[in-house]
Each structure stands twice: as structure tokens, then as C-alpha cells.
Amino acid sequence: MKKLIFLGIVVLFIACPPTAKNSALIYIQQGDYDAAKEQILAGLEQAPNDYEYYVLLTKVEIGLANWLAASDAFMRGVAVDSAKTVNWLLNDKQNVAVYWQALYNAAITLMAEKKYEDALTNLFYCEVFDPSNVSEYILEGGIYSELGEKEKANAAYAKALDIDPENPEAYFLVGKAVFEKGLYDSSLVNFNDAEKYFVKKYDRIARVIFQNLPEVDKDLAQEIVILWSKNEKEELDELVKVRLGFDGGLAAQRRTIEQFYKTTDGLARVYYYKGMALYNLKDDTLALQNLLRGIELNPDDVDALYYAGEITLKYKNYEESINYFRKITEIQEDDTYAWFYLGVNYSQKKEYQKAVDIYENKVLALDPENLDAMTNLAYVYREMGNNKKALEWLTKAEKLQKEQ
């Protein structure tokens, strides 16, 4: 977080500010934000319509890293006098980026709380403070997507691409919006652009991360992504020091590692959605190629593992399919579908006892009314020559079907 710079702030109030305001300014200069806040609140009791108090309160809440409170103070100032409040902050040129960040952080929090209109209001003022920052338009597009306003979402992404024609996240989000409309061919155009620029960004950051090694180590890259996603900071610090060769450890490389994780995650998402677009276009071969690229970057992507398992099962590559579904059950022990398809794989391999164990002890333990598992058990027991058990499961399935 960029620190606020308050040098020379007093000269902005040439006409002898009231005592509370003057005291607040002194405390702000000293970095004593709690004391400054007390003075401001006291001043507001006497002058509740003084926009300058709200401006100062905005500064104080930023100093305390209270983004929502800072946003609230700013909005209250805007309600008193929008032009003067905004211009006051814009004239504090050394801190404009800090005000932008506070409102942007507040917008992220408000979006997470599903307070979309409030988030959009914050982003409106973000655009006033810095109209060229791509992040605000991408977040705006995300909010409109959540609201189901696809045209406004696409307009926001288009603004981002006007500013930064090589922004992979914007291309991805446009592609995702088109994908969700079922326009899979059109989505691929945007996903391909997203891939191109994500790869460019990934290669640049990877060269920095692996500068002390002969080349980019894919296994090590996976480990970095997994450790970061699980917030295993001690293990990651050791990895950065020992295996990447940076003496300062994670503390010195934190921003670069975070960028690497975000870029890797973004590229993995692109490959997943490319795979799914091709899957819906019935091109299983290319779909699988893209899904596997995504898994290579993010080996814990359950959705990509699922469809990779389904396609390889269709191709009768049973061992490969088993590996994908088994990986899902290691990540999510209660994933009924993954267990079910493990049973299907073993049935197809004629390893019937393994199939029975999975259907009875995993699938039906998780979902006692799973008709498909019961029907498959009847088939497997018949193939094993146990007609009694086959009839038992078939009867159970028929009875349950009638009850439903």
C-alpha cells in the first residue's frame, strides 16, 4: 500500500481552520490517525455539513487501512458537496493514487458482499481519479456480469482493451461472457487472444522467478502455485530460498510470486474454457489437449480433471481416466461423480471387484439413492456370475425408481 504523503497539507487551509480541524491536520502529519479521527468527529458534531471534515476523515480511514470506512467518509463528503470534495482530493496530487486504491479496495469488498450498486459507485469515482487504470473496468465488467447485464459488462471490458490492447484478463472475460451465451466458436477467438497475452506475461515473469536455474522447472512451478493457493507461506519461503536461490526468501520475492500465481491461474482458466468450448463443439481431441495444458499449470483444477477423465474414458484410455478421477477424490473425498466414474472405469477394465467396492462403499455411501450406481452394480454382479446379487440390486433400483 502506497503511503499517504501529507507534506505541506496545512497550506490548503489558508483561512485559519477551526481548532478541531487544525488539530486533526497536525495529528495526520504526525501519523496519529486515531487522535486525528477524534478531532474530526468532534468537529463534525459542530459542523456536520463541512465537506473538509469528510475529506480529512477519508484520509484518516485510509491511514488506518479501513477501506469501507474511507469510502463511506468520502461518499458523505460527496453528498455535502461533490465538486468540492472530489476537487480537494484531486488537488492533493501526491496522494491521488492512494485515494484510487482505497475506493478500489472498497469496491472489491462490496462486490464480495453483493452490494453491487455501492461497488459501482466506488468504481465511478475510481475512474474520476484515474481513468486509465484497466483494473477498475475489469472489476466493473465483473459486477455487471454478476447482475446479468452482459452488454454493460462487455462495454466495460471493451474500455479495458482500448486502454490496454494486450490485457489477457479482459480478453478472457469477454470470451467467458460469449461462452455463457453458447457462442462457442466466437468465444474461442477471445480465448485465443487471452492465451497469447497470458503466455507472453507468464514467460516474462517465469524468467524472473527461475533466473537462478537453467530453465523453467514445470514441477517446481506447480509446487509454487499449490503452496501459494494453500497459503503455505513457511514452505514457500523455504522453496524460494533453497530451490529458487533467492536469499531474501518470500519476503523479498512476494510480489513477483503473487504475480506468477495470478498469471498461472489466469492462463489455466483460459485453457479450461478453451477446452470446454471445444468440448461443446464436439472436438474432444483438441478439448483434451487444452484441458491437459490447464492441469499442467493447475493440477488441482477439479473441473478440468473431471472433463479430462470423461474424455479419456470415452477414448477407452482407462488408466489415464482413473488417474484423473482418483486425483479428484484426493482433493474432494466426497465427490460422488468422481467415485462413480472410477467405478465405470474399473467395470470397463473388467476389474469387477474394484468396481463393486467403489459403487457400494463410496458412491452409495455418499448417495444411497444413486440409481446409476445400483444399475451398474446389477450389471457388474451379472458379469461376475453372481445372479442373486445382480437381481438384488436391480430390484432395489426398480423399487426406488417407482417411489420417485
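Taking this note's numbering, the leading residue of the sequence shown gets 1042, the next gets one more, and so forth. Quick reminder that beta carbons are idealized off the backbone N, C-alpha and C, glycines included. Quick caveat, the model's predicted, so the values are computed rather than measured.
Spatial distance of residue i from residue j (CA atoms)
i	j	result
residue 1400	residue 1337	30 Å
residue 1216	residue 1278	36 Å
residue 1117	residue 1137	18 Å
residue 1410	residue 1423	21 Å
residue 1376	residue 1370	6 Å
residue 1048	residue 1289	No answer about residue 1048 holds up, because its pLDDT of 34 lies below 50 and its placement is not dependable.
residue 1367	residue 1383	7 Å
residue 1352	residue 1395	21 Å
residue 1443	residue 1227	44 Å
residue 1188	residue 1146	20 Å
residue 1122	residue 1184	27 Å
residue 1194	residue 1113	25 Å
residue 1263	residue 1297	15 Å
residue 1381	residue 1404	6 Å
residue 1281	residue 1270	15 Å
residue 1432	residue 1340	41 Å
residue 1162	residue 1108	14 Å
residue 1359	residue 1379	14 Å
residue 1426	residue 1440	23 Å
residue 1074	residue 1139	16 Å
residue 1237	residue 1206	12 Å
residue 1364	residue 1402	19 Å
residue 1196	residue 1173	15 Å
residue 1192	residue 1200	12 Å
residue 1438	residue 1420	12 Å
residue 988	residue 1120	The structure shown does not extend to residue 988, since the chain is modelled only from 1042 to 1445, so the question has no answer here.
residue 1287	residue 1265	14 Å
residue 1071	residue 1150	29 Å
residue 1430	residue 1391	17 Å
residue 1253	residue 1272	24 Å
residue 1397	residue 1418	6 Å
Closest Cα partner of residue i within the set the options
i	options	result
residue 1261	1272, 1243, 1271 and 1284	1284
residue 1324	1349, 1271 and 1306	1349
residue 1415	1085, 1434, 1068 and 1208	1434
residue 1356	1196, 1145 and 1386	1386
residue 1170	1149, 1143 and 1196	1143
residue 1167	1148, 1063 and 1182	1148
residue 1133	1398, 1079, 1088 and 1096	1096
residue 1100	1069, 1362, 1088 and 1272	1069
residue 1076	1061, 1090 and 1087	1061
residue 1362	1333, 1374 and 1373	1333
residue 1407	1071, 1181 and 1374	1374
residue 1103	1130, 1124, 1252 and 1418	1130
residue 1180	1172, 1192, 1160 and 1191	1160
residue 1445	1235, 1412, 1429 and 1254	1412
residue 1204	1218, 1223, 1182 and 1175	1175
residue 1489	1234, 1252 and 1190	The requested residue 1489 does not occur in the structure, where the chain is confined to residues 1042 to 1445.
Anticipated Cβ contact below 8 Å, residue i with residue j, distance rounded
i	j	result
residue 1220	residue 1311	In fact, because the Cβ distance is near 11 Å, the residues do not count as touching under 8 Å.
residue 1308	residue 1240	7 Å
residue 1177	residue 1164	5 Å
residue 1156	residue 1209	About 28 Å; that fails the 8 Å criterion.
residue 1320	residue 1335	Wrong, their Cβ atoms sit about 12 Å apart, outside the cutoff.
residue 1081	residue 1098	5 Å
residue 1084	residue 1110	17 Å between Cβ atoms; not a contact.
residue 1092	residue 1126	5 Å
residue 1315	residue 1202	At roughly 19 Å, the Cβ-Cβ gap does not stay under 8 Å, so residue 1315 and residue 1202 are not in contact.
residue 1198	residue 1318	With 8 Å as the limit, residue 1198 and residue 1318 do not qualify as a contact, their Cβ atoms being about 18 Å apart.
residue 1218	residue 1186	6 Å
heavy atom of the ligand HEM below 6 Å from residue i C-beta
i	result
residue 1351	In terms of ligand content, the structure shown is empty, and the ligand HEM therefore cannot be addressed.
Residue-chain proximity (residue i, chain D), Cβ-Cβ < 7 Å
i	result
residue 1234	Looking at the structure shown, chain D is missing, and only one protein chain is on hand.
### contact_flag[the stretch 1323-1336, the stretch 1292-1304] where n(CB pairs < 8 Å) is 3 or more
Below 8 Å, too few C-beta pairs join the stretch 1323-1336 and the stretch 1292-1304 to call them touching: fewer than three.
### Task
Spell out a yes or no on whether the stretch 1344-1354 and the stretch 1247-1260 are touching, meaning 3 or more CB-CB pairs, one atom from each, closer than 8 Å.
As far as the Cβ criterion goes, the stretch 1344-1354 does not touch the stretch 1247-1260, which means the pair count is below three.
### Contained beta strand (DSSP E) runs [length at least 3] in the stretch 1090-1136, N- to C-terminal order
Entirely contained in the stretch 1090-1136, not one beta strand (DSSP E) run reaches 3 residues.
#### Entry: Ordered list of alpha helix (DSSP H) runs contained in the stretch 1285-1334, each at least 4 residues
Counting whole runs of 4 or more residues, the stretch 1285-1334 contains the alpha helix (DSSP H) stretches 1290-1321.
### Touching by the beta-carbon criterion (3+ pairs, under 8 Å), the stretch 1198-1215 and the stretch 1291-1299
Taking a contact to require three or more Cβ pairs closer than 8 Å, the stretch 1198-1215 and the stretch 1291-1299 do not qualify as touching.
### Task
May I have a chain-ordered list of the alpha helix (DSSP H) segments no shorter than 4 residues that lie completely inside the stretch 1339-1424?
Counting only runs of 4 or more, we get 1343-1355, 1359-1372, 1377-1389, 1393-1399 and 1412-1424.
### Task
Just list the beta strand (DSSP E) runs in the stretch 1153-1204, keeping only unbroken ones of 3 residues or longer that don't cross its boundaries, in chain order.
Complete beta strand (DSSP E) runs here, min 3: none at all.
### Task
Would you mind listing the alpha helix (DSSP H) stretches within the stretch 1198-1270 that are 4+ residues and don't spill past its ends, in chain order?
As far as the stretch 1198-1270 is concerned, its whole alpha helix (DSSP H) runs of at least 4 residues are 1209-1221, 1225-1250 and 1259-1270.
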